[in-house]
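Take full-length UniProt numbering: the last position of the sequence shown gets the number 237, and nothing is skipped along the way. Here is the structure we will look at, set down as structure tokens.
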Amino acid sequence: MVSRVDGTHLVALITSPSSREALWLSLRTSAASTLVCVVLGVPMAVVLARTDFRGQAAARSLVLLPLVVPPVVSGIALLYTFGRRGLLGHALHVVGVEVAFTSVAVVMAQTFVALPFLVISLEGALRTAGQRYEVAAATLGASPSTVFRRVTLPLVLPGLVSGAVLAFARSLGEFGATITFAGSLAGTTRTLPIQIYLERFDDPDAAVALSLLLVVVAVLVIAPASRATVRHRRGTR
Numbered sequence: 001m002v003s004r005v006d007g008t009h010l011v012a013l014i015t016s017p018s019s020r021e022a023l024w025l026s027l028r029t030s031a032a033s034t035l036v037c038v039v040l041g042v043p044m045a046v047v048l049a050r051t052d053f054r055g056q057a058a059a060r061s062l063v064l065l066p067l068v069v070p071p072v073v074s075g076i077a078l079l080y081t082f083g084r085r086g087l088l089g090h091a092l093h094v095v096g097v098e099v100a101f102t103s104v105a106v107v108m109a110q111t112f113v114a115l116p117f118l119v120i121s122l123e124g125a126l127r128t129a130g131q132r133y134e135v136a137a138a139t140l141g142a143s144p145s146t147v148f149r150r151v152t153l154p155l156v157l158p159g160l161v162s163g164a165v166l167a168f169a170r171s172l173g174e175f176g177a178t179i180t181f182a183g184s185l186a187g188t189t190r191t192l193p194i195q196i197y198l199e200r201f202d203d204p205d206a207a208v209a210l211s212l213l214l215v216v217v218a219v220l221v222i223a224p225a226s227r228a229t230v231r232h233r234r235g236t237r
């Protein structure tokens, strides 16, 4: 892939205004969607790992559904739910709130497809850690919130970090659900993967250069987090 791009033009291609705008939008929306994934995914993982209730298998299947359906299908589902004529979107439109084809739609699409990665990672960490330390802390009089903050969270921190990194990486590379639900509006919804797709027709060299940029950014995000997780695990042995 590197050989396809003229080195003298590589810097110019990846630093053009449209490329920088798409990259910055991707980083902002991916960070926002990762935060939403943490807020929603932590309670989901705790419920799935620490409780036993009727319909748990169905609940887990719903959480993991975005992993098995095509991203375009996810985008259509979001569009028919939050679009102007959607189930919830119509009511939102009446009160002046637009969701589809906005930056919020980008974050929602990224969150929808990335959330299962965090839930799976954290649920596995919770099951591996077990409950003996939590039970001991509760026996000594610690409140549930204190147990979670002082015992559970430190135990599963590597799993949480890994899940958050995976969610960020998945959000960063999201294309199908985003273009279906949010469209391709420059500066608003045109993320880097969408920019790459559009450049593929107009300027193949730019598409290759931006693909390399996306790979580099992903590596820069994943590698430090992976090293930190490994160090944490070694330190707790």
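Even for Gly, the Cβ is constructed at its ideal location relative to N, Cα and C. Computed from a prediction, not measured in an experiment: that's the story for all the values here.
From residue i to residue j, what does the alpha carbon distance come to, in whole angstroms?
i: F175; j: S145; result: 38 Å
i: T178; j: A164; result: 19 Å
i: F148; j: T51; result: 15 Å
i: L214; j: V63; result: 27 Å
i: T29; j: V219; result: 18 Å
i: V97; j: T34; result: 23 Å
i: G187; j: A91; result: 27 Å
i: G173; j: L10; result: 21 Å
i: A45; j: A77; result: 23 Å
Just verifying my parser: in three-state terms, what is the DSSP assignment at residue i?
i: V95; result: coil
i: S143; result: coil
i: D52; result: coil
i: A186; result: coil
i: T102; result: coil
i: E134; result: helix
i: L87; result: coil
i: E199; result: helix
i: E174; result: coil
i: V63; result: helix
So, are the CB atoms of residue i and residue j less than 9 Å apart?
i: L13; j: D203; result: yes
i: T189; j: L25; result: yes
i: L67; j: P17; result: no
i: A58; j: R84; result: no
i: V217; j: L23; result: yes
Using only CA atoms, which one of the options lies nearest to residue i?
i: A31; options: R200, Q195, F168, S184; result: F168
i: L65; options: I120, A209, I194; result: I120
i: M108; options: R170, V151, A206, E123; result: R170
i: G124; options: V156, E199, R20, F148; result: V156
i: L122; options: F82, Y80, V47; result: V47
i: L126; options: R227, S19, A49; result: A49
i: A225; options: L166, G86, Y197; result: L166
- Message: Would you call the stretch 35 to 43 in contact with the stretch 149 to 164, where contact means no fewer than 3 C-beta pairs closer than 8 Å?
- Response: yes
- Item | Stretch-stretch touch, CB-based, cutoff 8 Å, three pairs: the stretch 121 to 135 with the stretch 71 to 80 | no
- Message: Would the stretch 138 to 152 count as touching the stretch 87 to 104 if we require 3 or more Cβ pairs under 8 Å?
- Response: no
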